[in-house]
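First comes the structure, then the notes that go with it.
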Amino acid sequence: RRTLWEDIKQIKSHNPDGNWCIMGGFNSIKDPSERVSAFLTETDNNSISEFNNWLADLEVDEVQCVGRIFTWYRPNGTAKSRLDRVFVSHDWLSLWPGSTYFILDRNFSNHCPILFKATNADWGPKPFRVLDCWLTDKSFQDLVKGTWRNTTVRGWGGYSLKEKIKRLKVTMKQWNKQNFGDTANRVQQLESALSSLEINSNDRQLTPSELVARKKLQKDLWIAAQAHESLLRQKARFKWLREGD
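Residues in the sequence shown are numbered from 254 upward in steps of one, following my numbering.
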């Protein structure tokens, strides 16, 4: 950690006029209140001072934060700390004064993800695509065959083909929502439940029954996240084929 901090200081000393953004898990806290443990341990004030002095040397400020207090949780729930942050240079805030980072609900990782926003961009509606993973599901093949055979459109050939594809797309979207689309909602619901349980313990330790519930939530979240990750891999392949490296 100290080696990395010194390397960053050296890099910044050679580029003093640039706009700097440093974010991630620093494995250090700025204040004793940012670490809570079920076991009575003395706060390492030297480590806190070292971290704050390093930030002062870099001349960076912490960006406005939205979300929970703690970003790291020990797997058994006995300790929590605020380790993940975003720091930027003074000039950065002059260019993007609305910079904000959000502490999101975590899944099976010990750390909460952080989302940093400097500007908002609207990329428009997402295009509809057939995912490879659908093709391995027999119910999807039956759906396509049945919908195509049972759809009748009057008109010339080109118009009939266009309308049948349009109606098939609607049916496919409904099928995807029932069979694959719920993976994202399932992950979000479990993350929210786990987050609510942990936030309620900001000022106290979890009870035995809450620890059992927390363990079950983590297990269910792992299963749901694996299913969702499989779907995301299919979507990412389309983007890579279109945009390349």
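Positions of the beta carbon are idealized from the N, C-alpha and C atoms, including for glycine.
For clarity, every value in this text was computed on a predicted model and none was experimentally measured.
8 angstroms Cβ cutoff met for residue i and residue j
{"i": "Met-425", "j": "Val-339", "result": "no"}
{"i": "Phe-292", "j": "Thr-324", "result": "no"}
{"i": "Leu-447", "j": "Asp-337", "result": "no"}
{"i": "Phe-361", "j": "Gln-458", "result": "no"}
{"i": "Trp-401", "j": "Lys-422", "result": "no"}
{"i": "Glu-444", "j": "Leu-474", "result": "yes"}
{"i": "Val-316", "j": "Val-289", "result": "no"}
{"i": "Asp-390", "j": "His-343", "result": "no"}
{"i": "Asn-438", "j": "Ile-322", "result": "no"}
{"i": "Trp-387", "j": "Phe-381", "result": "no"}
Given residue i as reference, the closest of the options once Cα atoms are compared
{"i": "Leu-284", "options": "Ile-301, Tyr-326, Asp-270, Arg-486", "result": "Looking at the sequence provided, one finds Asp at residue 284 rather than Leu. Here the closest residue by C-alpha is Ile-301."}
{"i": "Leu-346", "options": "Ser-449, Thr-372, Asp-310, Tyr-326", "result": "Thr-372"}
{"i": "Phe-304", "options": "Tyr-354, Phe-279, Tyr-326, Asn-403", "result": "Phe-279"}
{"i": "Leu-308", "options": "Lys-262, Asn-432, Arg-486, Val-397", "result": "Lys-262"}
{"i": "Val-465", "options": "Val-383, Asn-272, Leu-450", "result": "Leu-450"}
{"i": "Gly-271", "options": "Glu-312, Ile-282, Trp-258", "result": "Glu-312"}
{"i": "Gln-441", "options": "Gly-410, Ala-478, Asn-432, Val-383", "result": "Ala-478"}
{"i": "Val-397", "options": "Gly-408, Thr-460, Gly-410, Gln-427", "result": "Gln-427"}
{"i": "Lys-468", "options": "Tyr-326, Glu-482, Trp-258, Glu-259", "result": "Tyr-326"}
{"i": "Ile-356", "options": "Ile-476, Ile-452, His-481", "result": "Ile-452"}
{"i": "Thr-436", "options": "Val-406, Arg-335, His-481", "result": "His-481"}
{"i": "Asn-329", "options": "Glu-463, Arg-486, Ile-476", "result": "Glu-463"}
Straight-line gap, residue i to residue j (C-alpha atoms, nearest Å)
{"i": "Leu-414", "j": "Asp-395", "result": "19 angstroms"}
{"i": "Thr-256", "j": "Ile-264", "result": "12 angstroms"}
{"i": "Glu-287", "j": "Thr-296", "result": "10 angstroms"}
{"i": "Lys-364", "j": "Lys-333", "result": "Correcting the residue type first, residue 364 is His in the shown sequence and not Lys. Approximately 10 angstroms between the Cα atoms of the pair."}
{"i": "Ser-352", "j": "Cys-274", "result": "11 angstroms"}
{"i": "Asn-299", "j": "Asn-306", "result": "10 angstroms"}
{"i": "Gln-431", "j": "Pro-366", "result": "28 angstroms"}
{"i": "Thr-404", "j": "Tyr-412", "result": "13 angstroms"}
{"i": "Gly-399", "j": "Thr-460", "result": "53 angstroms"}
{"i": "Asp-498", "j": "Lys-370", "result": "Residue confidence for Asp-498 is low, a pLDDT of 46 falling below 50, so the modelled location carries little weight and cannot support an answer."}
{"i": "Pro-350", "j": "Arg-407", "result": "58 angstroms"}
{"i": "Arg-254", "j": "Leu-348", "result": "30 angstroms"}
{"i": "Trp-258", "j": "Leu-368", "result": "22 angstroms"}
Start-to-end residues for the beta strand (DSSP E) that takes in residue i
{"i": "Val-440", "result": "Counting along the chain, Val-440 falls outside any beta strand (DSSP E), though it belongs to the alpha helix (DSSP H) covering 435-452."}
{"i": "Ser-505", "result": "Absent from the model: residue 505. The displayed extent of the chain is 254 to 498, so no value can be given."}
{"i": "Phe-340", "result": "337-342"}
Delimiting residues of the alpha helix (DSSP H) encompassing residue i
{"i": "Ser-352", "result": "Where Ser-352 is concerned, there is no enclosing alpha helix (DSSP H), given that its DSSP letter is neither H nor E."}
{"i": "Ile-532", "result": "Nothing can be reported for residue 532: it is not among the residues displayed for the chain, which extend from 254 to 498."}
{"i": "Asp-390", "result": "Note, Asp-390: premise wrong, no alpha helix (DSSP H); not H, not E."}
Legend entry - Those runs of the beta strand (DSSP E) which lie wholly inside the stretch 264-305 and span at least 3 residues: List check, beta strand (DSSP E) in window: 274-278, 288-290.
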